[in-house]
Amino acid sequence: MLSLLHHPNLMSLIGYCADGDRRLLVYEVMPFGSLEDHLFDLPPDKEPLDWNTRMTIAAGAAKGLEYLHDKAIPPVIYGDFKSSNILLDEGFHPKLSDFGLVKLGPVGDKSHVSTRVMGTYGYCAPEYAMMGHLTVKSDVYSFGVVFLELIMGQKAINSSRPHGEQNLVTWGSLQGHHPMRGLYQALAVASMCIQEQAVARPLIGDVVTALSYLANQAYDPNIASNYGNKGSGVDERGSKILRNEDAGGSGRSRAVVEAKMWGENWREKRWQSAQGSFDGSNGWLS
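What follows is the structure, given as structure tokens:
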């Protein structure tokens, strides 16, 4: 099946070797390693990824999932979307790798694929972790977790943090250089992806549309006005995020909740309007 999947954001299978009971798959070389290598436990001499690069990686990874879900016939469920499975080419071009858990999507009147739970703890969607029900929306949930990792610079599960702050889905740390409005919008996209109910999550195509916009909005931390912000570079919604960030841990949690609420409002409007168009003035579907 891997030989039939071809997309710029999927690892290319070059060939394979078989010798007795030994099997070897040969993939292209990805010189920048995995996304995980550039997010967590960085050495002092290594610069963290800037905001623009993070959004570009997220958009590219989402396009890889979009190809599997919407372009492949039959649809393919990736099944193990996580930061260590996103490899980076020169220029931080992302490609999905490790297709050991891929499944063909449900066919006919079936709503899901039933399978033994084999994904990675912290990235698995609730319906998959609890019942073994796997759908393309399970991938969307996992994408949301990885997107939160990109935004926050925190691992999906970190047992070294205090109780209540170990799961990134329920707690976030907003830090680093970022545009306020872009941060708010990115959090909203992530919050939509990690909805507990699969039906409430967006299709990956909608995620690609939103992230393509964010990835194309170049951010310069040295310029006061970014993403349409004026004056201090912080709009009304961004000011609220900034105040919450300064307030400490509880403020960070409130910021995530506010982003979640705004994202839910956006999703409701999006679903109510089949004629929705991409509005560059505010960056969202009207």
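When we follow the working numbering, the leftmost residue of the sequence shown carries the number 284, and every step to the right adds one. Cβ coordinates follow ideal geometry from the N, Cα and C atoms, glycine included.
- In the three-state DSSP reduction, Ala301 falls in the strand class (E or B).
- Annotation for Met338: Leu497, Ala498 place their beta carbon closer than 6 Å to its own, counting only its chain and skipping 5 residues before and after.
- CA-CA distance, Arg306 to Gly298, rounds to 11 Å.
- Going by C-alpha positions, Asp503 is about 35 Å away from Cys407.
- A straight-line Cα-Cα distance of about 9 Å links Ile477 and Ala483.
- With respect to the 7 Å criterion, Phe315 and Ile340 are not classified as neighbours on the basis of their beta carbons.
- The beta carbon of Val491 lies closer than 6 Å to those of Ala345, Lys346, Glu349 in the same chain, with the five residues before and after it left out.
- With a cutoff of 7 Å on beta-carbon distance, Ser380 and Glu319 are scored as not near each other.
- Pro291 and Phe382 have their C-alpha atoms roughly 15 Å apart.
- Of the candidates Leu433, Gly488, Ser495, Gly488 places its Cα closest to the Cα of Leu351.
- Gly415 places its beta carbon 7 Å or farther from that of Lys386.
- According to the DSSP assignment, Pro377 belongs to the beta strand (DSSP E) that extends over 377–379.
- Relative to Leu431, the option among Leu466, Thr418, Pro485 whose CA is nearest is Leu466.
- The C-beta distance from Leu322 to Gly405 rounds to 14 Å, too long to fall under 8 Å, and the pair is not in contact.
- Contact between Leu486 and Val472 does not hold, since the beta-carbon distance rounds to 13 Å and is not under 8 Å.
- With fewer than 16 other beta carbons inside 10 angstroms of its own, Gln480 counts as exposed.
- Between the alpha carbons of Met401 and Ile360 lies a distance of about 13 Å.
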